[in-house]
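A.B. asks: There's a structure below that I have some questions on.
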Amino acid sequence: MKRILIALALAFGPMNAQPQPTNLIPAPVEYSVRPGSVSLDKLAGQGEKVRISPKALLRRLEGRKLADWQLKSAYWLELGKKGVKIVAADEEGVFYARQTLKMMASVDSTLTCCTILDWPRFPYRGVMLDESRHFQGKSFVMKQLEMMALLKMNRFHFHLVDNPGWRVQIDAYPRLTKLTAWRPQAFFWDWEKNEIGGPFVEEGTPGAYGGYYTKQDIADILSFADERHIEVIPEIEMPGHNYETRYAFPELACSLPGGGKDPWELCPGKESTFEFLEKVLLEIFDMFPSQYIHIGGDEARKNNWKLCPDCQARMKAEGLESVEGLQSYMIKRMERFAHEHGKRIIGWDEILQGGLAPDATVMSWHGIEAGLQAVREGHDVIFTPTHYYYLDYHQDPAQFRPVGRHVPLEKVYSFEPITEGVSEADAHHVLGVQGNLWTEHVQDAWHAEMMLYPRVFAIAETGWSQTERKDWHDFERRALALSNVARKWGYTVYPPLSQQ
Ligand SMILES: [Zn+2]
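Residue numbers (the numbering used here): 1 to 500.
Here is the structure:
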């Protein structure tokens, strides 16, 4: 901790004596200093002038070529002694200009006068939260959306269902939440033994741990996210990670004793499985306006399918030679259903197995190879590689409940999504980056935030800032400054103050 303490002392004492040129995360494209500085008190009395005009913004861009989605997010900001001027092509750009001001004002009390011209590098800048293994709930989610917005992140991937609990209200199947959203043990690993799920208890059982989002909760979160230009992408897992679904509806498992030895898989041989998934998705589509539905697709073991008469009959009827082909059949069929309702699918990179659905977007988590393959095949990809962006992995070997590999802030910061394996012509298929907080080991809000921050700052900068604006040592200084601000706002940031 000593090194961090020294760095903190360098960053904060003497507090604000010399305003830094910029303490912004993510680093803006262009930042130029103007004469003088202005105090927040003075600035508050000056107000702001906002102009929303694509033409006016294009004039400020002076011939720089931006994609349409970049223009929408771009902004020009002038901070002078007489106040603030903002020019943008869209409300979204104005929003990001205000986030820039908010961050500047929260780190320094006297601001250097400046001009900023800024736009994002990637359209997808995301965070995923696993709400199944441990449940944090609505106010926690909103708090993290607030920080995401400040960091100019714009996609929240909501992992709502998985083996340890179904956590969203589905009116067609109330058994899902009534029977699987609660359990006797609070800590996940006390519940799950040997990778086989433990017992659930019914909603209303005294002392039970758990919870789920009602439709009203989801509507509240969506409206909060929408005000912050964040799209919420729900995930409904299939065909694996469905222990909880099989608990509520054992008939959706394969036609084998006990549903087969693999405890998580649904049976893609049965029509009733598709009827169930489609009814669930229709309600999800009604709840979430995002063009995307994440259908999971990861870690299906497929052993049951080799033995199940229904799966074997399906494979024969469809001319499928392997169980990988059966997984591909299921994903492609679900994609057709999504398309019929104006939606596109995202899946974990296992959806490449047996042939990828034509329009699917791949979330590349096994390193980056699967993502590169999908890009070469003309698919959109979001990079979320385990060794860089799995935020359940520990930041410090001595950390509270360390798991996985050591993924410190510098490692997260070092990830570059456009590698040699991506040609210039294919680069537009790289939609962006996402950090994933799986919560096997993460029981409460304190721990969850400690895993998120400051590493999410690094992912935000990789998603937004141009490569030439990235600089680890400068970022480290800015991350320490923002960490301190985030702590004042009530976030837990690693290293937590209690461990410094
Ligand atoms: Zn089956």
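Quick reminder that beta carbons are idealized off the backbone N, C-alpha and C, glycines included. Please read all numbers here as calculations on a predicted model, not as lab measurements.
State buried or exposed for Ile-86, treating a residue as buried only when at least 16 other CB atoms are found within 10 Å of its CB.
C.D. replies: Classification for Ile-86: buried.
A.B. asks: Whole angstroms are fine: how far does the CA of Ala-445 sit from the CA of Gln-208?
C.D. replies: For the record, residue 208 in the displayed sequence is Ala; it is not Gln. So the two alpha carbons sit approximately 18 Å from each other.
A.B. asks: Less than 8 Å between the CB of Asp-310 and some heavy atom of ligand 1, yes or no?
C.D. replies: Indeed, a heavy atom of ligand 1 lies less than 8 Å from the Cβ.
A.B. asks: Would you kindly work out how many angstroms separate the C-alpha atoms of Arg-34 and Tyr-212, rounded to a whole number?
C.D. replies: Distance between the alpha carbons of Arg-34 and Tyr-212: 51 Å.
A.B. asks: Starting from Ser-328, follow the alpha helix (DSSP H) in both directions and report where the run begins and ends.
C.D. replies: Taken as a continuous stretch (DSSP letters only), the alpha helix (DSSP H) holding Ser-328 covers 323 to 340.
A.B. asks: Find the nearest neighbour of Leu-372 within the set Asp-392, Leu-391 and His-429, judged by alpha-carbon distance.
C.D. replies: Out of Asp-392, Leu-391 and His-429, His-429 has the C-alpha closest to the C-alpha of Leu-372.
A.B. asks: Which of helix, strand or coil does DSSP assign to Phe-187?
C.D. replies: If DSSP states are grouped into helix, strand and coil, Phe-187 belongs with coil.
A.B. asks: Is it right to say Asp-392 is buried, meaning 16 or more other beta carbons lie within 10 angstroms of its own, or is it exposed?
C.D. replies: When all chains shown are included, Asp-392 counts as buried.
A.B. asks: Which first and last residues belong to the beta strand (DSSP E) in which Lys-116 is found?
C.D. replies: One detail in the question is off: residue 116 reads as Ile in this sequence, not Lys. Per DSSP, Ile-116 belongs to the beta strand (DSSP E) from 110 to 118.
A.B. asks: For a test of the three-state rule: what should DSSP assign to Phe-156, helix, strand or coil?
C.D. replies: Reduced to three states, the DSSP call for Phe-156 is strand.
A.B. asks: For the alpha helix (DSSP H) that contains Leu-77, what are its first and last residues?
C.D. replies: First-last for Leu-77: 75 to 80, but that is the beta strand (DSSP E), not the alpha helix (DSSP H).
A.B. asks: In or out: Leu-356 buried (at least 16 other Cβ within 10 Å) or exposed?
C.D. replies: Buried, since its Cβ has 16 or more Cβ neighbours within 10 Å.
A.B. asks: In angstroms, rounded to a whole number, what distance separates the CA positions of Glu-318 and Pro-268?
C.D. replies: Approximately 12 Å between the Cα atoms of the pair.
A.B. asks: On the three-state DSSP scale, how would you describe Phe-383?
C.D. replies: Of the three classes helix, strand and coil, the one that applies to Phe-383 here is strand, per DSSP.
A.B. asks: Starting from the C-beta of Ser-270, find all residues in its chain whose C-beta is less than 6 Å away, skip the five residues before and the five after it, and write them out in chain order.
C.D. replies: Here the sequence assigns Lys to residue 270, which means Ser is not the residue at that position. The residues are Asp-310.
A.B. asks: Could you name each continuous beta strand (DSSP E) segment of 3 residues or more that falls completely within the stretch 421 to 451, going from the start of the chain to the end?
C.D. replies: Listed in chain order, the complete beta strand (DSSP E) runs (minimum 3 residues) inside the stretch 421 to 451 are 430 to 437.
A.B. asks: Assign Trp-264 to buried or exposed, taking buried as 16 or more other Cβ atoms, counted over all protein chains shown, within 10 Å of its Cβ.
C.D. replies: It is buried - the Cβ of Trp-264 has at least 16 other Cβ atoms within 10 Å.
A.B. asks: Check whether the stretch 179 to 189 touches the stretch 457 to 467, counting contact only when three or more Cβ pairs, one atom from each stretch, lie closer than 8 Å.
C.D. replies: Contact between the stretch 179 to 189 and the stretch 457 to 467 is absent, because fewer than three Cβ pairs lie under 8 Å.
A.B. asks: Per DSSP, what kind of secondary structure is Ala-105 in: helix, strand or coil?
C.D. replies: DSSP places Ala-105 in helix when its eight states are reduced to three.
A.B. asks: Measuring only from the beta carbon, is Gly-354 closer than 8 Å to any heavy atom that is part of ligand 2?
C.D. replies: Among the ligands present in this structure, namely ligand 1, ligand 2 is not found.
A.B. asks: Under 8 Å: do the stretch 160 to 178 and the stretch 234 to 247 share three or more Cβ pairs, one atom per stretch?
C.D. replies: Judged by Cβ distances under 8 Å, the stretch 160 to 178 makes contact with the stretch 234 to 247, as three or more pairs qualify.
A.B. asks: Taking the alpha-carbon positions, what's the Gly-63 to His-473 distance?
C.D. replies: Looking at the two C-alpha atoms, the distance is approximately 32 Å.
A.B. asks: Counting C-beta neighbours from all protein chains within 10 Å, is the total for Pro-234 16 or more, i.e. buried, or is it exposed?
C.D. replies: Result: buried.
A.B. asks: Hey, Arg-477 and Val-29: beta-carbon distance below 9 Å or not?
C.D. replies: Going by C-beta atoms, Arg-477 is not nearer than 9 Å to Val-29.
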